[in-house]
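Asks:
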Amino acid sequence: MKKLIYFTHGLSANGIETFLVNVLGKINKSKYDITVAIAIDEGVTALHEQAVKDMGVKVVHLGDLDGLKKKIAYIKNVKEILKNGNYDIVHAHMDLLNGIVLMQAKKAGVKKRICHAHNSKSQFNIFGKQPFYLDIAQKIYRIIMKKLMISSSTELLACSELAADYFYGDKPFKVIYNGIYTENFIPDDDFDREAYAEKSGFEPNKKRIVTVGRISGQKNPEFAVETIAELAKLRNDFQYIWIGTGELENEIKQKSNSLGLDSIVKFAGVRTDVPQILGCCDCFFLPSLFEGLGIVIIEAQAAGLDCVVSSEVPELADCGKCRFVSLNNSPSEWAKIISDVLDGKIELKLNSEKLAQFDICHTVAQLEEIYDE
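Position in the sequence shown counted from 1, then plus 1061, gives you this note's numbering.
1. Taking Cβ positions, are Leu1083 and Tyr1242 nearer each other than 8 Å?
2. Is there contact between the stretch 1172 to 1183 and the stretch 1210 to 1219, where contact requires at least three CB pairs shorter than 8 Å?
3. What three-state label does DSSP hand Ala1178 in the structure shown?
4. Do Val1286 and Ser1324 have their beta-carbon atoms positioned less than 8 Å apart in this structure?
5. Considering only the beta carbon of each residue, do Ala1361 and Pro1336 sit closer than 8 Å?
6. Restricting to runs no shorter than 3 residues, where is the beta strand (DSSP E) found entirely within the stretch 1269 to 1338?
7. Have a look at Phe1185 and Asp1127 and give me their C-alpha separation to the nearest angstrom.
8. Going by DSSP, what residue range makes up the beta strand (DSSP E) through Thr1069?
9. For Arg1275, count neighbouring C-beta atoms within 10 Å of its own C-beta (all shown protein chains included) and say buried if the count is 16 or more, exposed if not.
10. How many Å lie between Ile1187 and Asn1145 at the Cα?
11. Please classify Asp1420: does DSSP put it in a helix, a strand, or coil?
12. Would you call the CB atoms of Val1386 and Cys1342 closer than 8 Å?
13. In whole angstroms, what separates the C-alpha of Lys1140 from that of Val1171?
14. Could you tell me the distance, in whole angstroms, from the CA atom of Leu1195 to the CA atom of Glu1308?
15. Can you tell me whether DSSP reads Leu1218 as helix, strand or coil?
16. Measure the beta-carbon distance from Ala1436 to Ile1099 and round it to whole angstroms, keeping in mind my assumption that it falls under 8 Å.
17. Between which residues of its own chain and Asn1138 is the CB-CB distance below 7 Å, once the five residues before and five after are set aside?
18. Let me check one thing: in DSSP terms, what residues is Ile1099 bridge-paired to?
19. With DSSP collapsed to three states, give me the class of Asp1127.
20. Beta-carbon within less than 8 Å of Ile1407's beta-carbon, same chain only, minus the 5 sequence neighbours each way: which residues are those?
21. State the CB to CB distance for the pair Cys1344 and Leu1403, rounded to an integer number of angstroms; the pair is presumed to be in contact (CB under 8 Å).
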């Protein structure tokens, strides 16, 4: 049995961590002794942590990354666990911090060291609002981490070519789709969407537009509520639902209130019933500034939703039901497109064969082949 350790920021509801939880649910545990190392303080429980433990997977807390001292402590803990764990495989999902993790894995003598790219741009300085010296420091950090990733890895994986280009440049890589349980997102024939919507606190008999993701700069939430405000000028038969939380939550709630959207926008927080909520909705909306892939877009299409997403989302995510829109378009132009999608004026048809490529069974088979080489 091979000893396999995954490094990830946590086990929450975001796309990368949801993907890892999906993998853990399907991987052959008779072949691998699996540990997940999360960047969370001891005593703080992640959303899916107990579910992962119930799968027979060990979870270890290496401390969070909030501040320089904690980052240094985290690196020390990474070094210790790799030095003492005798792992055969390290699979890192830590964004640019993969460089440090994999460098320590190489020093510890781990034979298979896998870097996984999930984003197409840096999480830092999305809007460019910071002192010049911090911008320079972050550019240097990105250069160093990318060099460490490439020099310390035996395998370079990415969720899309766009993510690979950002992480690896012209180095050889392999695309592994972020798999989902496609069957979980296809509504049952007897699913009563209106009853479930009412039970969930949503308005009945409305067109429902939904965003699933962190309320963070990457997801462009200010632009999202501005678009919804413009849509409200065109029609009054809809509700907008945001599933997720994040560092901009209070700011965006205030923005929504200032635009007079109290009765239209529903901030629903973190939910464990995302497939059912998607089944209650009519349109998925994601004006992201960047995405490595956008696993939630795949989930929305599996649930049958038409998706209006930014052209910064990789085309790879399109299973036939995506309408890509440039971020250069105004909120009013976005609103008109969403309205046309709701009215069926823009026809989008699911490509079932492409969707099947994102099924978790296909993804896990690809990963196990790499682990067993």
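Glycine is no exception: its CB is placed at the ideal position from the N, C-alpha and C atoms.
Replies: Looking at the atomic coordinates:
1. Note that residue 1083 is Asn in the sequence shown here, rather than Leu. Cβ atoms of Asn1083 and Tyr1242: closer than 8 Å.
2. Short answer: they touch.
3. strand
4. In this structure, Ser1324 sits away from Val1286, with a CB-CB distance that is not shorter than 8 Å.
5. No, these two residues do not count as a Cβ contact at 8 Å.
6. 1299 to 1304, 1326 to 1330
7. In this prediction, Phe1185 has a pLDDT of 47, which is less than 50 and means its spatial position is unreliable; nothing more can be read from the coordinates.
8. 1063 to 1069
9. buried
10. Confidence at Ile1187 is low in this model, with a pLDDT of 42, below 50, so the placement of that residue is unreliable and no value is reported for it.
11. In the structure shown, Asp1420 sits in a strand (DSSP, three-state: E or B).
12. Cβ atoms of Val1386 and Cys1342: not closer than 8 Å.
13. 12 Å
14. 20 Å
15. Three-state DSSP puts Leu1218 in a strand.
16. Only positions 1062 to 1434 of the chain appear in the structure, and residue 1436 is not among them; the question remains open.
17. Excluding residues within five positions, the ones whose Cβ falls inside 7 Å are Leu1123, Gly1124.
18. Thr1069, His1122
19. coil
20. Asp1367, Arg1384, Ile1398, Asp1401
21. 6 Å
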